[in-house]
Amino acid sequence: MSIFEYNGSALVAMVGKNSFAIASDRRLGVQLQTVATDFQRIFKIHDKLYIGLSGLATDVQTLFQRLVFRHKLYQLREERDMKPEAFASLVSAMLYEKRFGPYFVQPVIAGLGDDDIPFICTMDSIGAKELAEDFVVAGTANESLYGACESMYKPGMEPEELFETVSQALQSSVDRDCLSGWGGHVFVVTPAEVKESTLKGRMD
Ligand SMILES: *[C@@H]1O[C@H](CO)[C@@H](O)[C@H](O)[C@H]1NC(C)=O
Ligand SMILES: *[C@@H]1O[C@H](CO)[C@@H](O)[C@H](O)[C@H]1NC(C)=O
Numbered sequence: 017m018s019i020f021e022y023n024g025s026a027l028v029a030m031v032g033k034n035s036f037a038i039a040s041d042r043r044l045g046v047q048l049q050t051v052a053t054d055f056q057r058i059f060k061i062h063d064k065l066y067i068g069l070s071g072l073a074t075d076v077q078t079l080f081q082r083l084v085f086r087h088k089l090y091q092l093r094e095e096r097d098m099k100p101e102a103f104a105s106l107v108s109a110m111l112y113e114k115r116f117g118p119y120f121v122q123p124v125i126a127g128l129g130d131d132d133i134p135f136i137c138t139m140d141s142i143g144a145k146e147l148a149e150d151f152v153v154a155g156t157a158n159e160s161l162y163g164a165c166e167s168m169y170k171p172g173m174e175p176e177e178l179f180e181t182v183s184q185a186l187q188s189s190v191d192r193d194c195l196s197g198w199g200g201h202v203f204v205v206t207p208a209e210v211k212e213s214t215l216k217g218r219m220d
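Numbering of the sequence shown is given in the numbering used here, commencing with residue 17 and proceeding in unit increments.
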């Protein structure tokens, strides 16, 4: 089994009309044994920027703490928040720094940039960025997430429809992957507000 698969995960970010959604499962396991059902993989960097980290749980938490540190230094020096594009480059550079002993994570970054234009991106564990205009996925459920998102995504969704679409895509994908699931955690971010929800799902 790959080190990326030990703890299990499912992550997805999707773009709507002037908004985005980012969602994850809540399972933490050691291979097939479930250890916790309230694990956090999506983190807030600032009001309009979120990062989800799939992969090895310990590296998820370490990398998140280092990213918060780097973002705070940026805020002190620049007196503003980081734009999503700049943040993605920071994550990419920090991962490539560890090219020969990488963090075993695959990040998903989602934010609102200038004029509240949504930005989503994912990258591999050594920081090779992959940009998209519709959705990005990561984690052990990646294949079923691609399938679900490809059939459910529509361009220009309003926040309510976006929430419904991303939640249904997540739930139907994790049901096809035994290493992720046990409920979901969804953020829908618009210029005016952030809606955070926890989903109940199959607990088996
Ligand atoms: C995540 O997987 C690693 C590798 O098997 C394991 O050592 C660790 O215990 C798991 N994390 C937790 C918190 O169970
Ligand atoms: C993506 O999905 C495939 C097939 O389910 C799996 O083998 C692979 O390990 C997954 N990628 C990650 C990073 O978990």
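Positions of the beta carbon are idealized from the N, C-alpha and C atoms, including for glycine.
Distance from the CA of V190 to the CA of S196, rounded to the nearest whole angstrom, comes to 6 Å. Residues whose Cβ lies closer than 6 Å to any heavy atom of ligand 2, listed in chain order: S18, F20, E21, Q122, G155, T156, N158 and E159.
Distances taken from the Cβ of A26 to the heavy atoms of ligand 1 include none shorter than 6 Å. Counting along the chain, the unbroken beta strand (DSSP E) around K60 starts and ends at I58 to H62.
Beta-carbon to beta-carbon, I142 and P118 are separated by about 5 Å, close enough to satisfy the 8 Å threshold.
Per the coordinates, the alpha-carbon of A104 lies some 8 Å from the alpha-carbon of K145. A distance below 7 Å between beta-carbons, with the five flanking residues on each side excluded, links Y90 to the following residues of its chain, in chain order: M98.
Look at the beta carbons and you see the region 107 to 115 touching the region 123 to 142: at least three pairs across the two are nearer than 8 Å. Annotated as proximal: F36 and A126, with beta-carbon spacing under 7 Å. Taking F80 as the centre and dropping the five residues before and after it, the same chain places the C-beta of F59, I67 and L69 closer than 8 Å to its C-beta, in chain order. Here V31 is buried, its C-beta having at least 16 other C-beta atoms within 10 Å. Separation of the CB atoms of F179 and V204 is rounded to 5 Å, and the pair is thereby assigned contact status at 8 Å.
As DSSP reads the structure, C137 sits in a beta bridge with I125 and L147.
With a threshold of 6 Å, the Cβ atom of N23 counts as near ligand 1, since some heavy atom of the ligand is closer than that. Per DSSP, the continuous alpha helix (DSSP H) segment holding L79 begins and ends at A73 to E94.
Boundaries of the alpha helix (DSSP H) harbouring Q187: P175 to V190, taken from the DSSP string.
Within the same chain, Cβ atoms closer than 7 Å to the Cβ of Q47 are found at M17 and Y22, the five residues on either side in sequence being excluded. In the DSSP assignment, the residues bridged to L215 are G200.
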